[in-house]
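Asks:
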Amino acid sequence: MTDHPSNDKDPFYVGYLTAPRRFAVFSMILIPVLVGVGILSAGIIGSSHRDPGTGIWDLSQPIELVGWADMAPYPVLRVQTMDDGLLPTYETVFVVSEGKIGAGDRIGPLAGREVKATGFLIERDGMRMLELVGGMDAVQEMVDVRGQPPELPPTPETASLGTYTLKGQIIDSKCYLGVMKPGEGKPHKSCATLCIIGGIPPMFMTQNAEGERMVYLVTDPDGSSAVKQGMTEYIADWIEVTGEIETQGDVAVFKINRETIRRL
Amino acid sequence: MSHGYQAVLWNKHKRTYDLAVAGGIVAYIGTFIGVSMATWSGPNILSTEILLIQAFGSCAFIMLTIILSIGPLARLNSIFNPLLYNRRHFGVMFFIVALAHVIIATFWYHGFGIVNPLVSILSMNSEYDRIAQFPFESLGFVALLILFVMAATSHDFWLANLKPGVWKAMHMFVYVAYGLLVLHVVLGALQAERSSLYTWLVIASAVWLTVLHVLTGARETSKDHHGAVAARDGGHWMAVAALDDIPNDRARIVPMKDGERIAVFKYDGKVSAVSNVCAHQNGPLGEGKIVDGCITCPWHGYQYNPDNGQSPPPFTEKIPTYKVKIEGGHVFVDPTPLPPGTPVAPAIIGGNA
Ligand code: FES
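From first to last, the protein sequence lines stand for chains A and B. Numbering of the first sequence is given in the working numbering, commencing with residue 3 and proceeding in unit increments. Numbering of the second sequence is given in the working numbering, commencing with residue 16 and proceeding in unit increments.
#1: For a contact meaning CB atoms closer than 7 angstroms, what does M139(B) contact in chain A?
#2: Put A21(A) into one of helix, strand or coil per three-state DSSP.
#3: What residues does the ligand FES have around it, judged by CB closer than 5 angstroms to any heavy atom, in chain order?
#4: Give me the Cα-Cα distance between T336(B) and A21(A), rounded to the nearest whole angstrom.
#5: When the distance is taken between beta carbons, is E242(A) closer than 8 angstroms to R264(A)?
#6: Closer than 8 angstroms, CB to CB, is V130(B) near chain A or not?
#7: By the three-class DSSP mapping on this structure, what secondary structure does F163(B) have?
#8: Could you give the DSSP three-state label for A105(B): helix, strand or coil?
#9: Taking any Cβ of chain A, which residues in the stretch 114–128 of chain B have a Cβ under 7 angstroms from it, in chain order?
#10: Verify whether the separation of the beta carbon atoms of F156(B) and I129(B) is less than 8 angstroms.
#11: So, helix, strand or coil for Y218(A), using DSSP?
#12: Could you check where the alpha helix (DSSP H) with G38(B) kicks off and where it finishes?
#13: If I follow the unbroken alpha helix (DSSP H) through E100(A), where does it start and stop?
#14: Below 7 angstroms on C-beta distance, what does S226(A) contact in chain B?
#15: Could one say the Cβ of E235(A) lies closer than 8 angstroms to chain B's Cβ atoms, at least one of them?
#16: Since I believe V222(B) is in contact with V279(B) (beta carbons under 8 angstroms), could you give me their beta-carbon distance rounded to a whole number of angstroms?
#17: Within this structure, are the beta carbons of R126(A) and L179(A) separated by less than 8 angstroms?
#18: Which chain A residues sit within Cβ distance under 9 angstroms of L61(B)?
#19: Run through DSSP, which three-state label would Q231(A) get?
#20: Hey, out of P150(B), E342(B), A113(B), whose CA is closest to A257(B)'s CA?
#21: Quick one, which residues of the stretch 63–89 of chain B are near chain D if we go by CB-CB under 9 angstroms, in chain order?
#22: Taking the DSSP output, what are the residues bridged to Y282(B)?
#23: Could you check the C-alpha separation between P358(B) and S287(B) for me, to the nearest Å?
#24: For C309(B), write down the residues that DSSP places opposite it in a beta bridge.
#25: Please return the same chain residues whose Cβ sits closer than 8 angstroms to the Cβ of K183(A), not counting the five positions on each side in sequence.
#26: For H94(B), go through chain A and note every residue whose CB falls closer than 8 angstroms to its CB, in chain order.
#27: Using 8 angstroms as the limit for Cβ to Cβ distance, is I103(A) near chain B?
#28: Can you tell me which of M78(B), L212(B), L83(B), Y143(B) puts its alpha carbon nearest to the alpha carbon of G40(A)?
#29: Given that P97(B) touches chain A, what residues does it touch there, using C-beta distances under 9 angstroms?
#30: Can a CB atom of chain B be found closer than 8 angstroms to the CB of R260(A)?
#31: R215(A): which of E116(A), S50(A), M129(A), E159(A) sits nearest, CA to CA?
#32: Does the beta carbon of A207(B) sit closer than 8 angstroms to a beta carbon anywhere in chain A?
#33: Using a Cβ-Cβ cut-off of 8 angstroms, state whether L179(A) counts as contacting chain B.
#34: If we count the other Cβ atoms within 10 Å of its Cβ and call it buried at 16 or more, is N332(B) buried or exposed?
#35: Please look up how many angstroms separate the CB atoms of I202(A) and S175(A), rounded, as I've assumed it's under 8 angstroms.
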């Protein structure tokens, strides 16, 4: 590698020769400036995330829940929360499989029975979901050792709150409740669609007048699954939709009329 | 033959360059994740996978914008040449960063479902007829395919085995890929942004690149115009420059009517003319310099003997040469290119040509 003393008079840069001063100085300024601008952008973009919410997906260890299996119309477990001799109350825990797949195959056949289910807990804003682990054994029917006649499964009380037109987004409950943060909006549209057609219960996310987030389980007007044409195309889009809101036990359900969906 | 592909050898500059780029990438990803986790922590922490997708994705976009700026900047001012010198490694590192973004996003957003992830990328969102809902993933996917072909053919093997014109035309597709990526970002990640600031920044990058390229193109054309020469001598010989107008060890670039350019070098009391187009990546040899008696390309330093257009052994590159003569203080060139590597006696300054 030759050194060219004359190079500074008629500066010429080639990588294998000593760089002329002008080039060396310029590069020594330009490269750190470019890297600096890059780091600055990283900081700006990184700090501009919106609050992803307090959802958790606790993979530290599986938990066991005992409750009544039910399809409502999506797989759930009704877990008794209190029995002080008066009327027992139940918490509805949504049940899903690992990945973007529902748990209908394991909850459906046992609907109406008391079962023990094993899985990881997903939880956000007081709503709980169980991600089953361990194949078909993840859900096992409770055997009544005392040989007593089986109890009747709980039937959640329903009450209609009227018909509303709401603005919001159809989201997949598993991602929304804590598996993906953020688990909403355009970047997540395909993922949410994949989840919902795979059997993850769809939910509708909206805001009330106070700006608080509200989340409803989504069904058809007759209470059957809403995962049909006319709905799946709108997943993760901002839409307006009309339907009846009903409480079923501790679950708020939005029974949407798919024909009323309108993109905003 | 393998020597021919290796003319740009490893050296200190390249290592510094690679280190700066790699360090920049690590610093970018680290800062992105660190700042994100400091912004939302505890129960509100963001998914690491999503942060990685965003960090790699935005990093790749910024890198590509810089890479595509280097070429025209170097055309406008040779002070940017050091960035050009090792641009290819920058390009390959960009590809790796983009690939990381794609792999994580494919797994996380399209994996673990009832549909094959690759099918899901193209079909899970099928709103191809809507702008706001458009499946932006497919745009990124096509861009990646283009960039993959580019990365795979960036090796000099392809340069040697594809016609330079074909190679160059193929590599122009990088601008198609960039356009697709702008749309990928605008119709994807930015649809979830409430503020339109980022959309404008992305559009600004695209505008910056366009203006830069148009400006460079215009300057190049006007240079050709100013340098335009008329055929003299009635016949073959063209007067291309006054001898005094060519600086020592440097060249004068002479545009031909058919768009070809000839580089006329003055060195060592002699004048030689060769094609302006470097056999490596079409670099402008006329902006190069005579170093150690060889014409040296300003882009990556390939060298050619001025009197025969051949790279000194062990290298094997060859460029077309032209006949030259000096008369009355003027340099004349016969504009018919001779086959690459043809020896031509230089015109001797002050000799009887
Ligand atoms: S050395 Fe690469 S283009 Fe000339």
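A virtual CB, placed ideally from N, CA and C, is assigned to each residue, including glycine. Remember, predicted model here, so these are calculated numbers, not experimental data.
Replies: This is what the structure holds:
#1: S192, T195, L196
#2: coil
#3: C293(B), H295(B), Q296(B), G298(B), C312(B), W314(B), H315(B), Y317(B)
#4: Here the alpha carbons of A21(A) and T336(B) stand approximately 29 angstroms from one another.
#5: yes
#6: yes
#7: helix
#8: Checking the sequence, you will find Phe at residue 105(B) rather than Ala. DSSP places F105(B) in helix when its eight states are reduced to three.
#9: Y124, H125, F127, G128
#10: no
#11: strand
#12: 27–54
#13: Note, E100(A): premise wrong, no alpha helix (DSSP H); not H, not E.
#14: Chain B residues near S226(A): none, gap ~20 angstroms exceeds 7 angstroms.
#15: yes
#16: Not really, about 38 angstroms apart at Cβ, beyond 8 angstroms.
#17: Taking C-beta atoms as the reference points, R126(A) and L179(A) count as a pair closer than 8 angstroms.
#18: H51, P54, K183, P184
#19: coil
#20: E342(B)
#21: No chain D is part of this structure, whose protein chains are labelled A and B.
#22: Paired residue(s): K285(B).
#23: 10 angstroms
#24: V306(B)
#25: Hits under 8 angstroms: P54, G55, G57.
#26: Here residue 94(B) turns out to be Ile, not His, going by the sequence shown. Simply R24, F25, F28.
#27: yes
#28: M78(B)
#29: What P97(B) touches in chain A: Y15, G17, A21, F25, A26, F28, S29, L32, I33.
#30: no
#31: Cα-wise, what sits closest to R215(A) is M129(A).
#32: yes
#33: L179(A) is outside the set of residues whose beta carbon lies under 8 angstroms from a beta carbon in chain B.
#34: First, the residue type needs correcting, since residue 332(B) is Glu and not Asn in the sequence shown. E332(B) comes out buried.
#35: Here I202(A) really is in contact with S175(A); their C-beta atoms are around 6 angstroms apart, less than 8 angstroms.
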